[in-house]
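Quick note, the sequences are listed as chains A and G, same order. Per our numbering, numbering of the first sequence is gapless, rising by one per residue and ending at 114. Per our numbering, numbering of the second sequence is gapless, rising by one per residue and ending at 227. The structure appears below as structure tokens.
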Amino acid sequence: GAVVSQHPSRVICKSGTSVKIECRSLDFQATTMFWYRQFPKKSLMLMATSNEGSKATYEQGVEKDKFLINHASLTLSTLTVTSAHPEDSSFYICSATKGGTEAFFGQGTRLTVV
Amino acid sequence: SQKIEQNSEALNIQEGKTATLTCNYTNYSPAYLQWYRQDPGRGPVFLLLIRENEKEKRKERLKVTFDTTLKQSLFHITASQPADSATYLCALAVNSGYSTLTFGKGTMLLVSP
């Protein structure tokens with residue numbers, strides 16, 4: 001199978017601090033990784049698409065300076081929420097593809113900003 | 115505007131019955147449609163993919179239909195079990211190969227013993 005590991009699963013941080021979330025494809029090389037945000041009882045909202053070695057493509061309305069994405073290798077992408085505020089509290093999920101149609105999702109990260 | 119609509123209310127059924135979930139879309143021409151299962155506090159898990167030129171796909175107790183005229187996909191779980199209780203998401207892709215996915219809000223299914 002194809003496994004995507006996301007870390008941490010839960011994080012609580014103080015307002016104004018930065019938080020980094022890691023997304024790793026454990027047993028395959030991911031040509032593309034995606035970052036989503038999900039509010040309770042809402043759909044997954046695509047935040048950005050990242051390809052290894054190039055800048056991420058952000059969806060409209062997503063602040064690239066706020067949500068920094070680094071795709072350093074074919075198995076690792078990171079999302080850093082900078083200067084976090086309570087409204088950034090959400091469930092963040094990454095997914096990865098091998099280039100085909102199926103997306104493999106991480107287990108998600110519950111971010112709470114206090 | 116583009117919309118993907120899934121029943122927002124939870125679907126409650128008894129164990130052993132067939133669950134049918136609906137995904138309707140407007141102003142899309144999807145190349146394919148996928149269904150995912152999501153458990154609380156977890157990421158989605160891929161279940162089935164159906165392409166625009168396919169009418170029906172099956173996998174074990176799961177069946178998906180795709181009607182591009184009605185702009186609708188139906189997702190069926192036969193002989194449902196309490197373990198099938200989860201939220202089911204449909205997602206559309208507009209390109210035939212690798213493509214970004216646009217998700218519906220999902221429908222929660224509750225299967226009672």
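The C-beta atom is built at its ideal place from N, Cα and C for all residues, glycine as well.
Helix or strand or just coil, what does DSSP make of residue 27 of chain A? coil
Counting only Cβ-Cβ distances shorter than 8 Å, please list the residues of the region 51 to 67 of chain A near chain G, keeping chain order. none
For residue 160 of chain G, write down the residues that DSSP places opposite it in a beta bridge. G/150
State the Cα-Cα distance for the pair residue 193 of chain G and residue 93 of chain A, rounded to the nearest angstrom. 31 Å
Rounded to whole angstroms, what is the Cα-Cα separation between residue 222 of chain G and residue 201 of chain G? 4 Å
I'd like to check one pair, residue 84 of chain A with residue 13 of chain A: are the Cβ atoms closer than 8 Å? yes
Would you say residue 26 of chain A lies against chain G (beta-carbon separation less than 8 Å)? no
Going by the CB atoms, is the gap between residue 220 of chain G and residue 152 of chain G shorter than 8 Å? yes
To which residues does DSSP link residue 139 of chain G through a beta bridge? G/118
Unbroken stretches of the beta strand (DSSP E), 3 residues or longer, contained in the region 35 to 69 of chain A: 45 to 51
For residue 128 of chain G and residue 31 of chain A, the rounded distance between their alpha carbons: 42 Å
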